[in-house]
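S.K.: For my numbering, count along the sequence shown from 1 and bump the result up by 45. Ideal Cβ placement from N, Cα and C applies to all residues, glycine included.
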Amino acid sequence: MQAEKVCRSRSRKGVSQRRRKATPEQYFEGEIRSVRKHEYIDGEIRLMPYTSENHGLIVANLTGLLFAALNGTNCRVYPSDHMLFTPQTGNYYYPNVMVVCGESQFYQFKPRMQATLNPTVLIEVLSETTNDYAVPRLAEAVKWYAYKQIPTLHQYVRVSQDEIRLDLFTRVGDTNDWLNTFAEQPDQTVTVAGCAVKVSEVYEHVKVG
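#1: Within 10 angstroms of the Cβ of Asn225, are there 16 or more other Cβ atoms? Answer buried if so, exposed if not.
#2: Whole beta strand (DSSP E) runs in the segment 135-209 with 3 or more residues, listed along the chain?
#3: At the level of alpha carbons, what is the spacing between Ile90 and Tyr72?
#4: Can you tell me which of the three DSSP states Val244 falls into?
#5: Considering just the uninterrupted stretch of the beta strand (DSSP E) at Tyr123, what are its terminal residues?
#6: Using the rule of at least 16 other Cβ atoms within 10 Å of the residue's Cβ for burial, across every protein chain shown, is His80 buried or exposed?
#7: Would you please state the rounded distance, in angstroms, between the beta carbons of Ala191 and Thr236? I believe it to be under 8 Å.
#8: Could you give the C-beta distance for Val142 and Leu107, rounded to a whole number, given that I count them as a contact under 8 Å?
#9: Using the three-state DSSP reduction, which class does Leu115 fall into: helix, strand or coil?
#10: In whole angstroms, what is the alpha-carbon distance linking Gln159 and Thr96?
#11: Hey, could you find the ends of the alpha helix (DSSP H) Arg78 is sitting in?
#12: Identify the continuous beta strand (DSSP E) that holds Tyr85 and give its terminal residues.
#13: Quick one: using the 10 Å Cβ neighbour count with 16 as the cut-off for buried, is His250 buried or exposed?
#14: Could you say which of Ser125, Gln200, Thr234 lies nearest to Thr220 if we only look at CA atoms?
#15: Could you have a look at Glu89 and say whether DSSP puts it in helix, strand or coil?
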């Protein structure tokens, strides 16, 4: 009898520790009213993590550099409050920086909220929990899997906030093969969204090392 009570107790604990699943409609209804941003991944609503000083500076630098470089083209740069929907996985994200070229396509949820469907470039500044280039953490691997399913995506860039390093994944032609290049020196220049970007300018005012 005592063993049965222990078994039942463990079962209730296991159920309580499971994450509750939500529908996309529940996610959107909450997101419209929420002050904090959340992502929707595999049916789970996940609060966006705290961002450090370095993280914020890198995002601001990249947004400013690309805004100036893309001026006069048919491409636009969006900061991290712009939602992305990946229909192939059913997930919703807030990339740190997004570039869209050509006419924007959206998934529309009521007049007040929409998510982009056709990004050209996505940039993520790695948080402390994902900053591991040898063995990318599960969250970053799942995100990259979702991103590379997007037919319009031409480039994905991961930027470290604790050291000077940019990892660039560029689609090869119309295939789903990706060329991985990287930069680790301040005097290097990389091509992002077809624009020449100096690594030193990406890390301006950022304390690394």
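M.R.: Checking against the coordinates, here is how it stands:
#1: When all chains shown are included, Asn225 counts as exposed.
#2: The qualifying runs are 136-138, 142-146, 151-154, 158-161, 166-170, 200-204.
#3: Distance between the alpha carbons of Ile90 and Tyr72 is about 7 Å.
#4: Here Val244 carries a helix assignment [DSSP, helix/strand/coil].
#5: DSSP places Tyr123 in the uninterrupted beta strand (DSSP E) bounded by 120-123.
#6: Correcting the residue identity first, residue 80 is Val in this sequence and not His. Val80 sits exposed, since fewer than 16 C-beta atoms from the chains shown fall within 10 Å of its C-beta.
#7: Wrong, their Cβ atoms sit about 24 Å apart, outside the cutoff.
#8: About 5 Å; that satisfies the 8 Å criterion.
#9: Reduced to three states, the DSSP call for Leu115 is coil.
#10: Thr96 has its alpha-carbon roughly 24 Å from the corresponding atom of Gln159.
#11: Note, Arg78: alpha helix (DSSP H), 69-78.
#12: Going by DSSP, Tyr85 is part of the beta strand (DSSP E) stretching over 83-86.
#13: Here His250 is exposed, its C-beta having fewer than 16 other C-beta atoms within 10 Å.
#14: Of the candidates Ser125, Gln200, Thr234, the one whose C-alpha sits nearest the C-alpha of Thr220 is Gln200.
#15: If DSSP states are grouped into helix, strand and coil, Glu89 belongs with the strands.
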